[in-house]
Each structure stands twice: as structure tokens, then as C-alpha cells.
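Trainee: In the numbering used here, each residue carries its 1-based index in the sequence shown increased by 342.
All residues carry an ideal CB built from backbone N, CA and C; glycine is no exception.
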Amino acid sequence: MTPPVRNVTVVGAGTMGNGIAHVFAQYGHRVMLCDVKPELVERGMKTIEANLGRQVKKGTLQETQKQETLGRITPSTDLEAASREADLVVEAATEREEIKKTIFRTLDRTAPSQAILASNTSSISITTLGAVTSRPEKVIGMHFMNPVPVMKLVEIVRGLATSDETFK
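#1: Just verifying my parser: in three-state terms, what is the DSSP assignment at Pro346?
#2: Taking the beta strand (DSSP E) that Pro417 belongs to, which residues open and close that run?
#3: Is the stretch 378-386 in contact with the stretch 468-480, if contact means three or more CB pairs nearer than 8 Å?
#4: So is Pro478 buried or exposed if we call it buried at 16+ other beta carbons inside 10 Å?
#5: Do you know how far the Cα of Met358 is from the Cα of Val352?
#6: Taking the DSSP output, what are the residues bridged to Met484?
#7: Considering Met387, what are the terminal residues of the alpha helix (DSSP H) in which it resides?
#8: Less than 8 Å separating the Cβ of Ala473 from some heavy atom of the ligand ZN?
#9: Just the C-alpha distance for Ile498 and His485, rounded to the nearest angstrom, thanks.
#10: Can the beta-carbon of Thr452 be found less than 9 Å from the beta-carbon of Gly483?
#11: If I'm right that Leu459 touches Val431 with Cβ under 8 Å, what's the distance once you round it to whole angstroms?
Take a look at the structure:
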């Protein structure tokens with residue numbers, strides 16, 4: 343049985359990645375937000391802070407909740423370190439297959455064996471991504487809709503080897 347998800351690593355701090363990190367953190371998960379350059383992670387964190395600020399202004403979030411949410415997000419540029427304690431990794435990097443395969447190979451080596459490895463891709467086969475790992479049964483698509491903090495919809499995409507347990 344897959345353990346509960348407490349620690350989430352989000353790979354890619356752009357529009358989709360920072361939105362995914364925002365939502366997971368807002369709902370109580372500890373999040374590692376990882377990208378290849380410090381300025382990209384910093385930009386992602388600033389976007390999350392601004393979006394949470396809008397929620398406070400609208401009255402849908404308290405200032406204390408905003409601060410708690412931000413406190414649950416740790417920025418990182420070290421994918422290996424960021425994934426070491428993950429229960430779930432959501433990859434939201436650029437839509438380039440070779441880059442995604444490289445990320446999944448790294449995650450397969452560094453994330454705990456029970457961790458689910460998900461991709462936000464809408465165009466690259468989940469089966470293809472799973473095939474570069476030693477755990478294709480733990481690889482799944484989680485296609486979030488933009489803007490993530492507003493759209494309450496996630497498309498779940500199974501690869502050929504994705505297990506029922508991972509899907510659930």
C-alpha cells in the first residue's frame with residue numbers, strides 16, 4: 343500500500359510548477375520547489391506569494407494561512423536533494439522529451455522507492471517516461487489545468503505499466 347503523501351517535490355517553477363506547489367502547500371503538504379537556476383525558483387516563489395496575496399485580498403484566505411503556506415515551500419536547485427524525502431514528485435518542466443527523461447532517470451535514482459513519479463505533461467507518453475525508470479508502475483500523469491490555484495481539475499493519465507495502487 344502506498345503511504346500517505348506528506349512530502350511533495352515539484353520539478354519546474356514556471357507557471358504550472360509554481361501553481362502546483364502553491365496548491366499542495368496550501369492544503370498542508372511540505373513542498374520542495376525545484377528548478378535548474380536560482381532565479382527561476384525565486385521567480386516562482388514570488389508568483390506564489392503574489393497569488394496568495396490576491397487570495398487574502400479576496401477574503402478567501404487569511405494572512406496567517408498565506409504565511410503558513412509559504413512556510414511549507416522550500417526552494418531548491420538540487421533535484422537529487424529535493425527528491426530524497428518525496429512521497430510524490432510532480433514534474434512540470436519544459437515539454438521536451440529528452441529533458442523529461444533525464445529528470446525521470448534522476449528521480450528514479452534519488453526519490454524513495456515508494457514515491458510516485460508524476461508528470462504534468464499533456465503531450466509526452468507516460469509509458470515512455472516510465473520506461474526510463476526501474477519503477478514504471480509508480481509513474482503516472484497528473485495534468486493540472488492553468489491557472490492551477492483556480493482550476494479544480496486534474497486529469498490523471500495512466501501509462502501501460504501504471505499500477506492500480508498508483509492510480510488510486
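Mentor: This is what the structure holds:
#1: On the sequence shown, position 4 is the one that residue 346 refers to. Coil at Pro346, not helix or strand.
#2: Residue 417 sits at position 75 when you count from the first residue of the sequence shown. Its beta strand (DSSP E) spans residues Ile415 to Ser418.
#3: no
#4: Taking the sequence shown and counting its residues from 1, the one referred to as residue 478 is at position 136. Looking at its Cβ environment, which holds 16 or more other Cβ atoms inside 10 Å, Pro478 is buried.
#5: One-based indexing of the sequence shown puts residue 352 at position 10. One-based indexing of the sequence shown puts residue 358 at position 16. Each residue's Cα considered, the two are about 10 Å apart.
#6: Here residue 484 refers to the residue found at position 142 of the sequence shown. Partner(s): Ile498.
#7: Here residue 387 is taken as the residue at index 45 of the sequence shown, counted from 1. Per DSSP, Met387 belongs to the alpha helix (DSSP H) from Pro380 to Lys400.
#8: The ligand ZN is not among the ligands present in this structure, which contains no ligands whatsoever.
#9: Here residue 498 refers to the residue found at position 156 of the sequence shown. Here residue 485 refers to the residue found at position 143 of the sequence shown. The straight-line gap from Cα to Cα measures roughly 6 Å.
#10: As a first step, residue 452 is located in the sequence shown; it is residue number 110 there, counting from the start. As a first step, residue 483 is located in the sequence shown; it is residue number 141 there, counting from the start. Going by C-beta atoms, Thr452 is not nearer than 9 Å to Gly483.
#11: Taking the sequence shown and counting its residues from 1, one reaches residue 459 at position 117. Taking the sequence shown and counting its residues from 1, one reaches residue 431 at position 89. With a Cβ gap of about 5 Å, Leu459 and Val431 count as contacting.
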